[in-house]
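*Asks:* My questions will all concern the structure given below.
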Amino acid sequence: MADDRKQSLVTGLTSGSRKYIPTWYNFDKTGSELNLTAVTKNGGYYLTKSQTSGLEQHVQDIIPRVPYDFTLVDLGSGDCSKTRYVIDELLKRQQNLSFFPVDISREFLLNSTKKLREEYADSLVVTPIGADYQQGVEQLKQFKGPNLILWIGSMINLPYDVQVDTLRMISTIMTDKCRLVFTGDITQDRDSILKAYHDDEGLMQCFVEYAIIRLNKEEGSKIDLEKFTYEMDFISDRNPNHMSYVTAYLEAKEAVNYPILKSGKLSK
8 MADDRKQSLV TGLTSGSRKY IPTWYNFDKT GSELNLTAVT KNGGYYLTKS
58 QTSGLEQHVQ DIIPRVPYDF TLVDLGSGDC SKTRYVIDEL LKRQQNLSFF
108 PVDISREFLL NSTKKLREEY ADSLVVTPIG ADYQQGVEQL KQFKGPNLIL
158 WIGSMINLPY DVQVDTLRMI STIMTDKCRL VFTGDITQDR DSILKAYHDD
208 EGLMQCFVEY AIIRLNKEEG SKIDLEKFTY EMDFISDRNP NHMSYVTAYL
258 EAKEAVNYPI LKSGKLSK
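Pasting the structure below:
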């Protein structure tokens, strides 16, 4: 699987005229911390506030009442701060709860789940899965039981076709007793979106730029971020068969040429 990830990185860096770095590459421990700061400390980032408010006020209605206990699964769990609303509500309804948080940054995940274990003690049995969605779903297939699956927040990081493919993949661990709760962003207000992803503090920019910082550190590349500007745009599409989206990228101020990757593969 490590080889597959490396190949996806190579594919992005050797693509046509517009190079890209896969989203997962931003989410090691440091990148996950930067992302958490960008979505919680950024005054213009409305989505986390909306998700937290929705869970805080309506978690009783969001979780269906069933005559059996749920196992809780959280895809892209991050620091589990929003998950706590669901954990607290489920523990009002059942004596114990098995919890499977899935996050690509294992180190970040283990730190988050350590805090949960300390707080909830024996009432919460936590089994962290440090993996991407595909690996995580494969591991979850071995655990039986009615699942309440959360996919809150991280869905918006994926292109539309990948979102659909991931939902299909999630369905493979669901039965008629399972439930899936996920969030999207239907905001069409351009000014609000621009403020969220191009904040005055530059928190989102730091998160986006971290992929280059990591590449320089781990692959020995020498990319100079001073030669790039952070750009983003909101592409609105009101066709019901299409999807609006945000694009954020680094644009070179001049022609640049960098050798990248210790493996010998090059991107220019």
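Under our numbering, residues 8 to 275 are what the sequence shown spells out, in order. By construction, the Cβ of each residue, glycine as well, lies at the ideal position given by its N, Cα and C atoms.
(1) Counting only runs of 3+ residues fully inside the stretch 92-125, write out the beta strand (DSSP E) ranges in chain order.
(2) By Cβ distance below 7 Å, which residues in the same chain neighbour V144 in space, the five residues on each side in sequence not counted?
(3) Can you give the beta carbon distance from L16 to P29, rounded, assuming they're within the 8 Å contact cut?
(4) Count the other CB atoms, across all protein chains shown, that sit within 10 Å of the CB of V217; report buried if there are 16 or more and exposed otherwise.
(5) Go through its chain and collect everything with a Cβ distance to Y252's Cβ below 7 Å, but skip five positions before and after it.
(6) Does DSSP classify G271 as helix, strand or coil?
(7) Below 8 Å on the Cβ atoms is my contact criterion, and I expect D129 with V109 to pass it. Report the Cβ-Cβ distance as a whole number of Å.
(8) Cα separation between D168 and M250?
(9) By alpha-carbon positions, which one of A45, K121, K184 and T37 ends up nearest to G160?
(10) Would you say the stretch 114-127 touches the stretch 76-93, given that touching needs at least three Cβ pairs under 8 Å?
(11) Pick helix, strand or coil for T21, following the three-state DSSP scheme.
(12) Near Y27, what residues of its chain come up, given a Cβ to Cβ distance below 7 Å and the 5 sequence neighbours on each side ignored?
(13) Consult DSSP for L157 and reduce its assignment to one of helix, strand or coil.
(14) Counting only runs of 3+ residues fully inside the stretch 236-266, write out the beta strand (DSSP E) ranges in chain order.
(15) Let me check understanding here. Comparing Cα to Cα, which of T90, H65 and D206 lies closest to F106?
(16) What do you get for A203, buried or exposed, if any count of 16 or more other CB atoms within 10 angstroms of its CB means buried?
(17) Given 8 Å as the limit, is there contact between the stretch 218-227 and the stretch 256-270, that is, 3 or more CB pairs closer than that?
(18) R186: which of L41, D76, Q14 and T21 sits nearest, CA to CA?
(19) Check R72 in the structure and name its three-state DSSP category.
(20) Less than 8 Å between CB atoms is the rule here; does R72 satisfy it with respect to chain C?
(21) Check whether the Cβ atoms of E63 and Y92 sit closer than 8 Å, and answer yes or no.
(22) Distance check for Q101 and N33, CA to CA, integer angstroms please.
(23) Hey, how far is the Cα of E40 from the Cα of Y52?
(24) Find the nearest neighbour of E226 within the set L165, I267, K234 and E208, judged by alpha-carbon distance.
(25) Between the alpha carbons of S24 and G61, how many angstroms are there, rounded?
*Replies:* Answer, in terms of the structure:
(1) 104-110, all fully within the stretch 92-125.
(2) Position 137 of the sequence shown, counting from 1, holds the residue named residue 144. Cβ within range, chain order: M176, I177, T179 and I180.
(3) Residue numbering aside, residue 16 sits at position 9 when the sequence shown is read from its first letter. Residue numbering aside, residue 29 sits at position 22 when the sequence shown is read from its first letter. Indeed they touch by this definition, with Cβ atoms about 6 Å apart.
(4) Reading the sequence shown from its first residue, position 210 is the one you call residue 217. Note on residue identity: the sequence assigns Tyr, not Val, to residue 217. By the 10 Å Cβ count, Y217 comes out buried.
(5) The residue labelled residue 252 in the question sits at position 245 within the sequence shown. These residues qualify, in order along the chain: I242.
(6) In the sequence shown, residue 271 corresponds to position 264, counting from 1. At G271 the pLDDT is 49, less than 50, meaning the model places this residue with poor confidence; the figure from the coordinates comes in the next sentence. Correct three-state label for G271: coil.
(7) The residue given as residue 129 occupies position 122 in the sequence shown. The residue given as residue 109 occupies position 102 in the sequence shown. About 22 Å separates the Cβ atoms of D129 and V109, ruling out a contact at the 8 Å cut-off.
(8) The sequence position of residue 168 within the sequence shown is 161, counting from 1. The sequence position of residue 250 within the sequence shown is 243, counting from 1. Near 10 Å, if we compare the C-alpha coordinates of M250 and D168.
(9) Along the sequence shown, one-based indexing puts residue 160 at 153. Considering only alpha carbons, the answer is A45.
(10) yes
(11) Counting from 1 along the sequence shown, the entry for residue 21 is found at position 14. Reduced to three states, the DSSP call for T21 is coil.
(12) Counting from one through the sequence shown, the residue named residue 27 turns up at place 20. Taken in chain order, the residues that qualify are G19.
(13) One-based indexing of the sequence shown puts residue 157 at position 150. Three-state result, L157: strand.
(14) 252-259
(15) Locating residue 106 in the sequence shown gives position 99, counting from the first residue. For the residues T90, H65 and D206, the minimum Cα distance to F106 belongs to T90.
(16) The residue given as residue 203 occupies position 196 in the sequence shown. Around the CB of A203, 16 or more other CB atoms lie within 10 Å, so the residue is classed as buried.
(17) yes
(18) Stepping through the sequence shown from its first residue, residue 186 is reached at position 179. When each option's Cα is compared against that of R186, the closest is D76.
(19) Within the sequence shown, residue 72 is the residue found at index 65, counting from 1. DSSP places R72 in the coil class of the three-state scheme, outside both helix and strand.
(20) Absent here is chain C; the protein component of the structure consists of one chain.
(21) In the sequence shown, residue 63 corresponds to position 56, counting from 1. In the sequence shown, residue 92 corresponds to position 85, counting from 1. Result yes, Cβ atoms of E63 and Y92 sit closer than 8 Å.
(22) In the sequence shown, counting from the first residue as 1, residue 33 sits at position 26. In the sequence shown, counting from the first residue as 1, residue 101 sits at position 94. If I take the Cα positions, the gap works out to 37 Å.
(23) As a working mapping, residue 40 is identified with position 33 in the sequence shown. As a working mapping, residue 52 is identified with position 45 in the sequence shown. Taking the straight line from one Cα to the other gives about 16 Å.
(24) The sequence position of residue 226 within the sequence shown is 219, counting from 1. Measuring from the Cα of E226, the nearest candidate turns out to be I267.
(25) In the sequence shown, the residue the question calls residue 24 occupies position 17. In the sequence shown, the residue the question calls residue 61 occupies position 54. Cα to Cα, the separation comes out at about 41 Å.
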